[in-house]
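First the structure, in the form of structure tokens, and then the observations on it.
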Amino acid sequence: MAQDPDCIFCKIVAGELPSLVVAEDEDTVAFLDVNPATPGHTVVIPKDHHRDLLTIDDETLARTTAAARRVAATITERLDVVGVNLLNNCGAGAWQTVFHFHVHVVPRYAEDPLRLPWIPAPGDRDEITATHAALTA
Ligand code: AMP
Ligand code: ZN
């Protein structure tokens, strides 16, 4: 296993920090978030250290995503939810605080306080066209 000795999630994988594990397989582990957005908020990680979405290899990403989906299914089965959000924060500017790739699985409840973090509204056509050109040129 590739580990970073300074990484708190690697320490969880190594058993050096406590965690409440809800699922585990050869490549991944899922444990409850200590600052839950809602009850059952789970973090799903690869056991190997990968900094973020842009540096993790495709196969490990696929295994971690599949594990996150299994956690979402368990949450849907066992908790009184109305839905589940999967979230990845990539980069400090995008809310990432632990630099070991992870997927948040956030159970959603009727009347919970979470809100979409943007306000849907029609975009500026020129800006959308310019961004399309920047992404495809
Ligand atoms: P992010 O901000 O996307 O990097 O998410 C990191 C998440 O890890 C946050 O939701 C933290 O609450 C959570 N977290 C940090 N340390 C621990 C820990 N020791 N056990 C469980 N969750 C943790
Ligand atoms: Zn790590």
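Using the working numbering, you'd call the opening residue of the sequence shown number 117 and step up by one each time.
A virtual CB, placed ideally from N, CA and C, is assigned to each residue, including glycine.
Because the structure is a prediction, the values reported are computed rather than measured.
- Item | For Ile235, three-class secondary structure by DSSP | For the purposes of this step, residue 235 is taken as the residue at position 119 of the sequence shown. In the structure shown, Ile235 sits in coil (DSSP, three-state: anything other than H, G, I, E or B).
- Task: Could you tell me if the beta carbon of Trp211 falls within a distance shorter than 6 Å of some heavy atom in ligand 1?
- Result: Taking the first residue of the sequence shown as 1, we reach residue 211 at position 95. Because some heavy atom of ligand 1 lies under 6 Å away, the Cβ of Trp211 counts as near it: yes.
- How would you call Gly156, buried or exposed, if buried means at least 16 neighbouring beta carbons within 10 angstroms? For the purposes of this step, residue 156 is taken as residue 40 along the sequence shown, with counting starting at 1. Buried, by the Cβ-count rule.
- Message: Buried or exposed for Asp164, going by 16 or more other Cβ atoms inside 10 Å?
- Response: In the sequence shown, counting from the first residue as 1, residue 164 sits at position 48. Result: buried.
- For Glu140, which residues does DSSP report across the bridge? The residue given as residue 140 occupies position 24 in the sequence shown. Per DSSP, Val145.
- Simplified DSSP assignment, three categories, for Arg167: Along the sequence shown, read from residue 1 onward, the residue named residue 167 stands at position 51. In this structure, Arg167 counts as coil in the three-state DSSP scheme.
- Query: Where in the segment 176-234 do unbroken runs of the beta strand (DSSP E), each at least 3 residues long, occur, reported from the N-terminal end onward?
  - Reply: 199-203 and 219-224
- Message: Between the alpha carbons of Val198 and Pro229, how many angstroms are there, rounded?
- Response: Counting from one through the sequence shown, the residue named residue 198 turns up at place 82. Counting from one through the sequence shown, the residue named residue 229 turns up at place 113. For Val198 and Pro229, the distance between alpha carbons rounds to 13 Å.
- If Thr144 sits next to Thr180, beta carbons under 8 Å apart, how far is it from one beta carbon to the other, in whole angstroms? Residue 144 sits at position 28 when you count from the first residue of the sequence shown. Residue 180 sits at position 64 when you count from the first residue of the sequence shown. Yes, they are in contact, since the Cβ atoms of Thr144 and Thr180 sit about 5 Å apart, within 8 Å.
- Item | Sub-7 Å separation of His218 and Ile161 beta-carbons | In the sequence shown, residue 218 corresponds to position 102, counting from 1. In the sequence shown, residue 161 corresponds to position 45, counting from 1. For His218 and Ile161, yes; Cβs fall inside 7 Å.
- Item | Leu169 to Glu227 span [Cα, whole Å] | Counting from one through the sequence shown, the residue named residue 169 turns up at place 53. Counting from one through the sequence shown, the residue named residue 227 turns up at place 111. Each residue's alpha carbon lies about 31 Å from the other.
- Task: Check whether the Cβ of His165 lies closer than 6 Å to any heavy atom of ligand 2, and answer yes or no.
- Result: Against the sequence shown, residue 165 aligns to sequence position 49. For ligand 2, at least one heavy atom lies less than 6 Å from the Cβ of His165.
- Message: If we define contact as Cβ-Cβ less than 7 Å, is Asn204 a contact residue for chain D?
- Response: You won't find chain D in this structure, because it holds only one protein chain.
- Query: With a Cβ-Cβ cutoff of 7 Å, do Val137 and Phe147 count as a contact?
  - Reply: Taking the sequence shown and counting its residues from 1, the one referred to as residue 137 is at position 21. Taking the sequence shown and counting its residues from 1, the one referred to as residue 147 is at position 31. Cβ distance < 7 Å, so Val137 and Phe147 count as in contact.
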